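What follows is a set of notes on a single structure, which appears directly below.
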Amino acid sequence: MKRPLILVCGGGHCKSVIEAAESAGFAIKGILDVAERIGDDVLGYKIVGTDDDAALYAAECDFVVTLGFIKSAAVRNHIIDKLTAAGCRFATVVASTAHVSRHATLGEGTVVLHRATVNA
Numbered sequence: 071m072k073r074p075l076i077l078v079c080g081g082g083h084c085k086s087v088i089e090a091a092e093s094a095g096f097a098i099k100g101i102l103d104v105a106e107r108i109g110d111d112v113l114g115y116k117i118v119g120t121d122d123d124a125a126l127y128a129a130e131c132d133f134v135v136t137l138g139f140i141k142s143a144a145v146r147n148h149i150i151d152k153l154t155a156a157g158c159r160f161a162t163v164v165a166s167t168a169h170v171s172r173h174a175t176l177g178e179g180t181v182v183l184h185r186a187t188v189n190a
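Using my numbering, you'd call the opening residue of the sequence shown number 71 and step up by one each time.
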């Protein structure tokens with residue numbers, strides 16, 4: 071059975087990941103973002119805390135970093151390091167309309183969005 075998801079960063083890319091995760095049968099527990107956004111709604115899911123709260127969900131949920139385009143990977147790497155230190159596991163999400171070759175290998179934390187193809 072798939073563990074529920076906590077999405078980290080509630081911007082535009084988060085919306086794309088929500089649609090992919092829902093189509094793949096994941097339940098979404100909530101979203102972590104900056105403190106100023108706690109209580110906000112993203113496509114029907116609440117921002118429930120910040121990345122400082124990740125450890126509260128680590129035992130029952132898997133995580134997906136939904137930070138979209140940035141100029142440097144440093145911010146994303148910092149978030150991943152922080153979540154890993156908190157004991158979080160990362161889900162792999164493949165949208166229902168995506169195609170992944172049986173010869174391909176997807177790493178932990180990978181997201182394959184709708185209509186995407188991953189070849190061998």
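Positions of the beta carbon are idealized from the N, C-alpha and C atoms, including for glycine. As the structure is a prediction and not an experimental result, all values here were calculated from the model.
Considering only L176, G114, K99, the residue with the shortest C-alpha distance to A124 is K99.
Within the stretch 90 to 143, complete beta strand (DSSP E) segments of at least 3 residues are found at 98 to 102, 115 to 119, 132 to 135, given in chain order. Below 8 Å, too few C-beta pairs join the stretch 82 to 91 and the stretch 143 to 154 to call them touching: fewer than three. Spatial neighbours of T167 in its own chain (CB-CB distance under 6 Å, excluding positions within 5 residues in sequence) are listed in chain order as H184, R185. In this chain, the beta strand (DSSP E) harbouring L77 covers 75 to 78. Restricting attention to M71, H83, T187, the CA atom closest to the CA of V134 is found in H83. If you ignore the 5 residues before and after E130, its C-beta comes within less than 6 Å of no other C-beta in its own chain.
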